[in-house]
Amino acid sequence: MSASTMTPQPPPLLELQAVCKRYNVGRPNETEVLHGVSFNIARGELVALIGPSGSGKSTLLNILGLLERMTSGSYRINGEEMVGTDDDALTLRRRTTLGFVFQFHHLLPAFTALENVTLPALMREGRVTARERERASAMLDAVGLGHAMHKRPGELSGGMQQRVAIARAMVLEPPMVLADEPTGNLDTASSDEVFALMRRMHAERSTSFLVVTHDPRLAARCDRVLELVDGRLVRDQASGPGIA
Amino acid sequence: MLLGFESLVAVRFLREGRMQTLLIIVGVAAGVAVVAYISALISGLQRNTIEKTLGAQAHVTLSPLDERVLVAPAPPGAAVRKLEQTQARAQRPRSIDNWQRLLPELEALPQVAAVSPMVSAAGLAVRGEASRAIALMGVELERYDRIVQLRSKVVAGTARLGPGEGIVGRELAQDLGVQVGDRIGIVTDGVEDALRITALVDLGVRDLNRRTVIVPLRTAQSLVGLPGSATGLDLALVDIWAAQGLADDLAARWPYKAESWQQANAQLVSALNAQSVSTSVIRGVVMVVVVLGIASVLVVSVVQKQREIGILRAMGATRGQVLRVFLLQGVIVGAVGSALGVLLAIALIGLFTHFVRGSDGLPLFSITLEAGLALRIAALATVCGLLAAVAPARRAARLDPAQAIRL
């Protein structure tokens, strides 16, 4: 037996098995929006999640982001089961493992770009050290916004705001970033720019990305595509031409 | 840093809702100013009233027990009809037994600041054709001065009570047409004496000024026919509010009648109590309004900030952190409003002192906002701010982050 077969394989970063989500359980209007969805995401993958409106993409993303609980099934992060974990533990797990990028940027309008990016550290430590500030500045430099770090979100364009959101999501170097239609609210040029930035971050830092998108062009530029239709995973394949 | 995240977010949220925050801080400041101003005004008014009342009065007075008619019991087994109507006995001036020995014992009590023996009786002051009913008080000047600060009330002459000398109220002197250095006749129970007036006093109450004649203790003893006696012992206390308790203790300990200033001025005390209760009600209502004001603004703020709360929760803020962000907002609004409110109250007090004056052109009475009272009110308003924030903060902490972000 070779040495490589002796080494235990690390668990996938995210591991979903038979995930179901029902709303209004026990009521006449009970609806099941996810029907036994299962897939894994490994470290360093760039995955696109596509599907028509109402297919359950946002619900699935919320479950992956520990913002919503599933009705049944199993969800493991780094091999650790999330089902049955209390709310505070989920919050701390979210803080250390996941970064979020939303369609509408969702920056805090009362904070400057730099302050938005230092918020995760402030939230964790209760203060922002000089090191954290430097790290946030470097992250803003990396997304090309070193010159605008003291501006508030209202003073930035949509594309710039989304780049700040990416910097904020990645500043604590989480292994996984969940992006909910990050380019959905941007024009084509900004959209390409933001996606290129995510790709670069993914390549440079080996961060895994799950990107929910309607844009087949962007999906085609990911490593792997998951397609959800009516709450069922109908496709899970490596990306390439023909993604639509 | 303790609550570094919570305090920064709380301050930014408040700064963001600028007009809303400003209005509620002004509301809190107005409420605190009203409470502080009314508290200072009423306490100044009460202090002034009590000072005036006690200006010529002892805090506790000891006197002999009233003489009572005892009903003879019917012989046992006698077939008699019992008649129970008895007439109260007229009270004559009597001395307190052993008052010279009692005096040092009273002075040794920790609550007692001064003790003064007194012989008091009713009489007439006569000057030529004029005569006036008087309240004659025989005292030892040094001791009596420590009870009512008599020397500070002298408006003419010098307080002195040598043999044949007396001090009279300002209005009585006017009625009799006399001044310092003049002589008047005193008549009590058929005994007459003459006094030379050494000083005129203003006791703060016109009626007292019209009746009061103060003479040496020995002179009064002679006039009432009780040599070596004291018909009462006047006590001044360190804390005037301990008077009732001490009077009760003394009455239980010795066979004397002990009367506190509260018993002697029952109506005044009732009025002061009613005033205090009214003030407390006003304070309570204002504080409730402050709490409701802060709570309503924070409830609106929670609704307005749902998306931000959702983002913070998605980024990893715990429910506890979100709860504390909104509790801190209540505390900040309460504290800043309190500070401004205390300043506003000081300004109002300044205006009152400057513009509201008596017929003599002097301020009606002294009104000050004591630092302790200001701090207590400010602390109370801050706690009210915290309490007002509890419900909105719990609501914010319970928000479903997924739903909040979608809004």
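Line by line, the protein sequences give chains A and B.
The C-terminal position of the first sequence is numbered 1093 in our numbering, with every residue numbered one higher than the one before it.
The C-terminal position of the second sequence is numbered 439 in our numbering, with every residue numbered one higher than the one before it.
Ideal Cβ placement from N, Cα and C applies to all residues, glycine included.
Exposure label - residue i; buried when at least 16 CB within 10 Å
i, result
"W273 of chain B", "exposed"
"L324 of chain B", "exposed"
"L383 of chain B", "exposed"
"D266 of chain B", "buried"
"L102 of chain B", "exposed"
"Y288 of chain B", "buried"
"S261 of chain B", "buried"
"N878 of chain A", "exposed"
"L965 of chain A", "Looking at the sequence itself, residue 965 of chain A is Asn, so the reference to Leu does not match. Buried."
"Q119 of chain B", "exposed"
"S184 of chain B", "exposed"
"E974 of chain A", "exposed"
"Q353 of chain B", "buried"
"G393 of chain B", "exposed"
"A1016 of chain A", "buried"
"T880 of chain A", "exposed"
"S333 of chain B", "buried"
"T1062 of chain A", "buried"
"P424 of chain B", "buried"
Separation of residue j from residue i, as counted between CA atoms
i, j, result
"S308 of chain B", "I74 of chain B", "8 Å"
"T311 of chain B", "W293 of chain B", "23 Å"
"T220 of chain B", "G264 of chain B", "18 Å"
"G362 of chain B", "V60 of chain B", "11 Å"
"T190 of chain B", "E291 of chain B", "31 Å"
"T385 of chain B", "I409 of chain B", "21 Å"
"Q435 of chain B", "D1029 of chain A", "14 Å"
"I899 of chain A", "L1067 of chain A", "10 Å"
"I912 of chain A", "P861 of chain A", "17 Å"
"R178 of chain B", "V186 of chain B", "14 Å"
"L135 of chain B", "V147 of chain B", "7 Å"
"N305 of chain B", "P105 of chain B", "44 Å"
"Q181 of chain B", "E174 of chain B", "10 Å"
"S1040 of chain A", "C416 of chain B", "50 Å"
"L418 of chain B", "I326 of chain B", "9 Å"
"R426 of chain B", "D280 of chain B", "52 Å"
"V320 of chain B", "V365 of chain B", "15 Å"
"G893 of chain A", "T1032 of chain A", "21 Å"
"Q866 of chain A", "F888 of chain A", "7 Å"
"L235 of chain B", "Q295 of chain B", "20 Å"
"V1043 of chain A", "L55 of chain B", "42 Å"
"T940 of chain A", "T934 of chain A", "10 Å"
"E340 of chain B", "V1013 of chain A", "16 Å"
"A959 of chain A", "A421 of chain B", "21 Å"
"H91 of chain B", "E139 of chain B", "14 Å"
"H955 of chain A", "N873 of chain A", "28 Å"
"L431 of chain B", "Q338 of chain B", "8 Å"
Neighbourhood of residue i by C-beta distance below 7 Å, restricted to the same chain and skipping five residues each side
i, result
"L455 of chain B", "Outside the displayed range of chain B (33 to 439) lies residue 455 of chain B, so it cannot be described from this structure."
"L240 of chain B", "A88 and G201"
"K1000 of chain A", "T961 and A962"
"S851 of chain A", "Its pLDDT being 47, under 50, S851 of chain A is placed unreliably in this model, and the value from its coordinates should be taken loosely. Answer for S851 of chain A: no residue qualifies."
"H884 of chain A", "C869, G1080 and R1081"
"F949 of chain A", "G914, A1018 and L1027"
"T85 of chain B", "N297 and L300"
Coarse secondary structure for residue i, derived from DSSP in three states
i, result
"R389 of chain B", "strand"
"G201 of chain B", "strand"
"A1093 of chain A", "Its pLDDT being 47, under 50, A1093 of chain A is placed unreliably in this model, and the coordinates cannot settle the point."
"Q206 of chain B", "helix"
"N889 of chain A", "strand"
"I399 of chain B", "coil"
"Q952 of chain A", "coil"
6 Å CB neighbourhood of residue i in its chain, flanking five on each side removed
i, result
"V977 of chain A", "T967, A970 and L971"
"V318 of chain B", "G63, V66 and V67"
"L94 of chain B", "L265, Y288 and A290"
"S853 of chain A", "Only weak support exists for where S853 of chain A lies, its pLDDT of 48 falling under 50; the value from the coordinates is given anyway. Answer for S853 of chain A: no residue qualifies."
"A367 of chain B", "T414"
"A188 of chain B", "V212 and L232"
Beta-carbon proximity list for residue i, same chain, < 8 Å, skipping 5 on both sides
i, result
"I218 of chain B", "G155, L156, A157, V158, I166, L168, G198, E224, D225, A226, L227, V245, V247 and L255"
Any non-hydrogen atom of the ligand GTP closer than 7 Å to residue i Cβ
i, result
"A991 of chain A", "Of ligands this structure carries none, so the ligand GTP is not represented either."
Scan the stretch 107-190 of chain B and note each continuous beta strand (DSSP E) run of 3 residues or more that stays entirely inside, going in chain order. For the stretch 107-190 of chain B, whole beta strand (DSSP E) runs of length 3 or above, ordered along the chain, are 144-159, 162-171 and 186-189.
At what residue ranges does the stretch 925-950 of chain A contain a whole run of the alpha helix (DSSP H), taking only runs of 4 or more? As far as the stretch 925-950 of chain A is concerned, its whole alpha helix (DSSP H) runs of at least 4 residues are 936-946.
In the stretch 299-350 of chain B, which residue ranges form an unbroken alpha helix (DSSP H) of at least 4 residues, counting only runs that do not cross its ends? The DSSP assignment places complete alpha helix (DSSP H) segments of no fewer than 4 residues inside the stretch 299-350 of chain B at 338-347, in order along the chain.
Residue ranges of each alpha helix (DSSP H) within the stretch 994-1047 of chain A, 4 or longer: For the alpha helix (DSSP H) assignment, the uninterrupted runs of no fewer than 4 residues enclosed by the stretch 994-1047 of chain A are, from N- to C-terminal side, 1007-1019.
Run through the stretch 964-996 of chain A for me and flag every whole alpha helix (DSSP H) of 4 or more residues, listed as ranges in chain order. The stretch 964-996 of chain A is shown to contain whole alpha helix (DSSP H) runs of 4 or more residues at 979-991, in chain order.
Ordered list of alpha helix (DSSP H) runs contained in the stretch 867-914 of chain A, each at least 4 residues: For the stretch 867-914 of chain A, the full-length alpha helix (DSSP H) segments reaching 4 residues or more read 906-913 along the chain.
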